[in-house]
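Student: In my numbering, the protein residues as written are 0 to 343.
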Amino acid sequence: MRLGLYIFAALTLMAITGALTYTVNPNNYLVEFMGINFNFPVAVWVVLPMGVLLLFTAIHMIFYSLKSYFKLKRWAKDASTLEDALYWSLVNEPKEQKYGIEEIRGSAILLGKSLLTVNDTVEGLNARLSKVVNILNKIKNGEYVDLKENKMSKVFSEGNPHLIKNRLNRLQTDPEFVEEVMKSSSQYSKMVQKQALDIFARKETFFKARKYAKIFDAESLHVMLARAVHEEDMGLSVDILNDFVAVLKLSCTDFVKIANVTKKVLSPNENLALFKSYQSKYPKSQTAYLYLLFDYELLDEASAYLDEHEAHEFLKFRAFNELKKSHRKFKLEDLVSVDTICVK
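(1) In or out: M33 buried (at least 16 other Cβ within 10 Å) or exposed?
(2) Is it right to say E175 is buried, meaning 16 or more other beta carbons lie within 10 angstroms of its own, or is it exposed?
(3) Counting pairs of Cβ atoms below 8 angstroms between the stretch 199-218 and the stretch 227-241, do you hit three or more?
(4) Go through its chain and collect everything with a Cβ distance to D344's Cβ below 7 angstroms, but skip five positions before and after it.
(5) Could you check where the beta strand (DSSP E) with E31 kicks off and where it finishes?
(6) Going by DSSP, what residue range makes up the alpha helix (DSSP H) through F62?
(7) Suppose the cutoff is 6 angstroms on Cβ atoms and the five residues either side in sequence are ignored; what does the same chain contact list for R104 look like?
(8) Which whole-angstrom value describes the C-beta separation of V117 and N136, a residue pair presumed to lie in contact below a C-beta threshold of 8 angstroms?
(9) If we require 4 or more residues per run, which alpha helix (DSSP H) segments fall completely within the stretch 165-225?
(10) Among the residues of its own chain, which have a CB less than 7 angstroms from the CB of W87, if the five just before and after it don't count?
(11) Taking 8 angstroms as the cut-off, decide whether the C-beta atoms of C251 and T204 are in contact.
(12) Quick check on DSSP: helix, strand or coil for F37?
(13) What did DSSP end up calling E285 once you bin it into helix, strand or coil?
(14) Which residue from L331, E309, V264, S325 puts its Cα closest to that of L292?
(15) Helix, strand or coil for Q96? Go by DSSP, reduced to three states.
(16) Return the CA-CA distance between D173 and P282, expressed in angstroms with no decimal places.
(17) Take L52 and list the residues in its own chain whose beta-carbon comes closer than 6 angstroms to its own, dropping the five residues that flank it on each side.
(18) Just to confirm, is the Cβ distance from A195 to V177 under 8 angstroms?
(19) Helix, strand or coil for Y277 per DSSP?
(20) Quick one: residues in its chain with C-beta nearer than 7 angstroms to the C-beta of P267, no 5 flanking neighbours on either side, listed in chain order?
(21) Need the endpoints of the alpha helix (DSSP H) that C348 sits in, please.
(22) With DSSP collapsed to three states, give me the class of L322.
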């Protein structure tokens, strides 16, 4: 029963009891206590115990009402804390939380060390959790979500898988973001850098790529070189290629693959001059230079180059050279492929 209603009912009962008593006996009754005389109507003495009972009952009800109120406040606070814990676990940023109620703390503390994954839509969530679940599902399904617009730009830390996936989604639809990542690659994760570089290499020209040579890798360079064979406006030149070769750590196979492309783009004289300069600067390009000499049927130059090196070097080329000397109509590709020519 509500306290106010209880007091009203009790006072009403006291008034009725007092009135009925007074109609039966309107006389006074004298009580002496510690030398003090208390002279009140009989009706007052009848309702006095009821008043005392009302007082202590009200105090009792107020005490337990306050106790219940503060307990409910703790439950409400822990419910809010639990919501926070669920939120941060959903976004893969779990945080330690403090709970006031032991029954909740005993299990909810696990959320501070857990990551939650939602596999489908969930009905009945509050607005905050419903919003974040909806956003995470969009990201998971390949859609880019503007986190700043949704007031979540500061929610995710660098390296958060949801943030990385959202950036990967953006790369697929926003060419400007691709170049933004290329310009400030150190601000993004390795996965985002790699994806941006792959997209850039598949779509842009060497003119534009030249300024980003330092963040290229051999794989992306080969992607662009392969395009240069079929696309005339790629802008590949000796100077631009030199910029890439100077900063990339290229292997023997990388140089051979480059030579296999440049022989289709550059004239034989340009190509030979280019790789002759490479072989003196980059020892791993020597195989590519020999490959070009034999490919262009410059057997005397190839033999002279082999003679300048130790007998245990370039064994495949030496074997091929002997076959060519016997006037047999062999081609280098009959013995080895571009991909295996560097394998010893």
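Heads up, the beta-carbon is just placed ideally off N, CA and C, and yes, glycines get one too.
Tutor: Inspection of the coordinates gives the following:
(1) An exposed status is given to M33, since fewer than 16 other beta-carbon atoms sit within 10 Å of its beta-carbon.
(2) Exposed, by the Cβ-count rule.
(3) As far as the Cβ criterion goes, the stretch 199-218 touches the stretch 227-241, which means the pair count is three or higher.
(4) The structure shown has nothing for residue 344, since the chain only spans 0 to 343.
(5) Run containing E31: 27-32, per the beta strand (DSSP E) assignment.
(6) Per DSSP, the unbroken alpha helix (DSSP H) holding F62 starts and ends at 41-89.
(7) Same-chain partners within the cutoff: Y98.
(8) Between N136 and V117 the Cβ distance is about 7 angstroms, and since that is below 8 angstroms, they are a contact.
(9) Qualifying alpha helix (DSSP H) stretches, in chain order: 174-182, 189-202, 205-208.
(10) The beta carbon of W87 sits closer than 7 angstroms to those of P93, K94, all from its chain and outside the five residues before and after it, given in chain order.
(11) Contact flag unset, no.
(12) Note: F37 maps to strand in three-state DSSP.
(13) Note that residue 285 is Gln in the sequence shown, not Glu. Helix at Q285.
(14) For L292, the nearest C-alpha among the options comes from L331.
(15) Assignment of Q96 by DSSP, reduced to helix, strand and coil, places it in the coil class.
(16) Looking at the two C-alpha atoms, the distance is approximately 41 angstroms.
(17) Nothing listed; no residue qualifies.
(18) Yes, Cβ-Cβ distance for A195 and V177 is below 8 angstroms.
(19) In the three-state reduction of the DSSP assignment, Y277 falls in the helix class, which pools H, G and I.
(20) Shown here for P267: same chain residues with a beta carbon closer than 7 angstroms to its own, the five before and five after excluded, namely Y295 in chain order.
(21) The structure shown does not extend to residue 348, since the chain is modelled only from 0 to 343, so the question has no answer here.
(22) L322: helix per DSSP, three-state reduction.
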